[in-house]
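**Student:** Sharing a structure, written as structure tokens. Questions coming.
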Ligand SMILES: *Cc1c(COP(=O)(O)O)cnc(C)c1O
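Residue numbers (this note's numbering): 182 to 541.
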């Protein structure tokens with residue numbers, strides 16, 4: 182058996198080069214006579230690794246100095262709760278609902294404090310982004326929460342109306358590092374690593390430092406972004422192996438040519454797949470309004486759902502893994518994160534064409 186093309190939504194494909202490097206140095210790392218898995222996070226070697234990973238991420242995203250970069254835990258889901266705990270004292274957050282994950286963030290936000298829906302695409306069954314004219318932004322909101330890429334519904338957007346002084350908080354779990362980004366437009370960006378960054382268990386968070394002063398002193402340290410920033414994300418034992426692998430992924434992106442190159446590849450992969458779907462004469466369908474189609478997660482259905490099972494079975498035999506759609510939308514989903522090569526998408530579209538010819 183050989184490694185196959187992996188279209189998993191998360192935990193997702195990692196660059197093979199990164200896995201090989203990690204394999205080679207698993208037992209002994211950087212002359213430490215031990216595995217990176219076995220070293221103290223407070224030792225010199227790991228501290229250096231942590232600094233290098235942060236510096237690499239800062240170069241990739243051109244993170245300004247007045248932003249802190251944190252390496253945390255708990256998945257994006259913990260941060261659905263921590264964001265209002267840290268920032269929503271008094272006034273609540275505004276949420277724009279564009280799919281499954283923004284709905285979740287909103288629900289969790291509402292358990293902590295007031296949370297308001299500023300706009301919702303629920304009526305479209307999350308196939309579009311509400312027009313800016315329909316966004317009802319509260320100028321006193323503690324923050325405006327967006328989910329720029331909805332991993333399940335396959336809706337992506339990077340433009341939004343200027344919310345004035347209200348900081349924009351963005352769950353970028355499945356799109357961070359897929360293309361260049363102007364960090365300055367955001368107060369806080371967070372991303373679970375297992376989509377486009379590295380292994381599960383790590384959350385990367387980028388936050389404007391002045392916002393950290395709003396974190397209530399009464400919060401337990403472990404829940405406080407201010408305290409995590411003060412301690413360099415080493416308030417307690419961080420997920421060291423995930424941090425190490427994320428650092429390797431950042432270095433791999435830098436070597437490949439940075440986020441401009443990721444953008445070029447990701448645009449190409451998405452175009453290939455959407456063209457195959459749209460050109461199938463209705464055999465395959467993607468329901469999302471073209472302007473908001475995700476580059477990272479492409480859901481599609483087969484005209485005849487009775488063909489779903491044979492499609493998945495044959496795809497696996499062709500070395501195309503994890504194409505089953507999320508139960509919330511059904512059908513198929515191909516996730517095309519940075520580590521998925523163009524060749525994988527070519528193999529997928531070729532298989533799709535062939536399957537349609539045989540069953541259409
Ligand atoms: C996967 C995902 C989450 C949930 O992440 P967990 O690590 O399971 O908590 C949240 N938001 C988005 C956009 C995601 O893709």
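We treat Cβ as the ideally placed atom computed from N, Cα and C, and that holds for glycine. This structure is a prediction, so every number in the text was calculated from the model and none was measured.
1) Any idea what DSSP makes of residue 478, helix, strand or coil?
2) According to the Cβ coordinates, are residue 344 and residue 325 closer than 8 angstroms?
3) Using the rule of at least 16 other Cβ atoms within 10 Å of the residue's Cβ for burial, across every protein chain shown, is residue 524 buried or exposed?
4) Can you tell me whether residue 257 sits near ligand 1, meaning its C-beta is under 7 angstroms from at least one heavy atom of the ligand?
5) Leaving out five residues before and five after residue 532 in sequence, what residues of the same chain have Cβ atoms less than 8 angstroms from its Cβ?
6) Are the CB atoms of residue 384 and residue 255 nearer to each other than 8 angstroms?
7) Classify residue 403: buried if its beta carbon has 16 or more other beta carbons within 10 angstroms, exposed otherwise.
8) If you draw a straight line from the C-alpha of residue 452 to the C-alpha of residue 463, how long is it?
9) Tell me which residue opens and which closes the beta strand (DSSP E) that residue 252 is part of.
10) Any heavy atom of ligand 1 closer than 7 angstroms to the beta-carbon of residue 191?
11) May I ask you to check if the CB of residue 254 is nearer than 7 angstroms to at least one heavy atom of ligand 1?
12) Where do the N-terminal and C-terminal ends of the beta strand (DSSP E) with residue 516 fall, by residue?
13) Whose CA, out of 473, 423, 450, lies closest to the CA of residue 222?
14) Give the straight-line distance between the Cα atoms of residue 204 and residue 210, rounded to the nearest whole angstrom.
15) Compute the minimum distance between the beta carbon of residue 512 and the heavy atoms of ligand 1, and state whether it is under 7 angstroms.
16) So residue 361 and residue 440 are in contact, right, with Cβ under 8 angstroms, and what is the actual spacing, rounded?
17) Taking only runs that begin and end inside the stretch 187-262, name each unbroken beta strand (DSSP E) of 3 or more residues, in chain order.
18) Do you know offhand how far residue 165's Cα is from residue 215's?
19) Taking the alpha carbon of residue 231 as the reference point, which residue from 192, 506, 250 has its own alpha carbon closest?
20) Tell me whether residue 418, by its Cβ, gets closer than 7 angstroms to a heavy atom of ligand 1.
21) Give the straight-line distance between the Cα atoms of residue 219 and residue 315, rounded to the nearest whole angstrom.
22) Just reading off the alpha helix (DSSP H) that residue 409 is part of, what are its end residues?
23) Could you have a look at residue 355 and say whether DSSP puts it in helix, strand or coil?
24) Would you kindly work out how many angstroms separate the C-alpha atoms of residue 479 and residue 393, rounded to a whole number?
25) Relative to the C-alpha of residue 381, which residue among 395, 236, 420, 414 is closest?
26) Judging by CA-CA distance, which residue of 539, 338, 521 is the nearest neighbour of residue 190?
27) Which residue from 530, 514, 519 puts its Cα closest to that of residue 158?
28) Enumerate in chain order the residues of its own chain whose CB-to-CB distance from residue 416 is below 8 angstroms, with the five nearest sequence positions on each side excluded.
**Tutor:** Walking through what the data contain:
1) strand
2) yes
3) exposed
4) yes
5) 495, 496, 499, 501
6) yes
7) exposed
8) 17 angstroms
9) 248-253
10) yes
11) no
12) 513-516
13) 423
14) 10 angstroms
15) no
16) 4 angstroms
17) 248-253
18) Examination of residue 165 is not possible in this model, given that the chain is present from 182 through 541 alone.
19) 250
20) no
21) 53 angstroms
22) 406-411
23) coil
24) 36 angstroms
25) 420
26) 521
27) Any question about residue 158 goes unanswered here, given that the chain covers just 182 to 541.
28) 402, 403, 408, 409
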